[in-house]
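A short worksheet on the structure shown next.
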Amino acid sequence: MNELEKLKVLLHHWMEHNTEHANSYRAWAEKASSLGNEELSKILIRLYEETRKLNELFEEAQRKIG
Numbered sequence: 018m019n020e021l022e023k024l025k026v027l028l029h030h031w032m033e034h035n036t037e038h039a040n041s042y043r044a045w046a047e048k049a050s051s052l053g054n055e056e057l058s059k060i061l062i063r064l065y066e067e068t069r070k071l072n073e074l075f076e077e078a079q080r081k082i083g
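Each step along the sequence shown adds one to the number in this note's numbering, with nothing skipped, and position 5 is 22.
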């Protein structure tokens, strides 16, 4: 496996891992909201949204590799 093939595998792994983190942020945002901490919930939702945006960059990088 050459370096580009390794990077392609890594990018896929990082994107999946990133998605798992994003989903965790969203779940904790819901918990924070149910505990009455809307301010914290909003921050966690922002983290969720920004983390999901990173996947667009992972996808772009994957397309460059082919």
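Heads up, the beta-carbon is just placed ideally off N, CA and C, and yes, glycines get one too.
Just so you know, these numbers come straight off a predicted model, no measurement behind them.
DSSP, reduced to helix, strand and coil, places L61 within a helical segment of the structure shown.
For L24, the enclosing alpha helix (DSSP H) begins and ends at 20-51. Pairing L57 with N19, the inter-Cα distance amounts to about 44 Å.
If the five residues before and after Y65 are omitted, its C-beta is found closer than 6 Å to the C-beta atoms of A39, Y42, R43, all from its own chain and listed in chain order.
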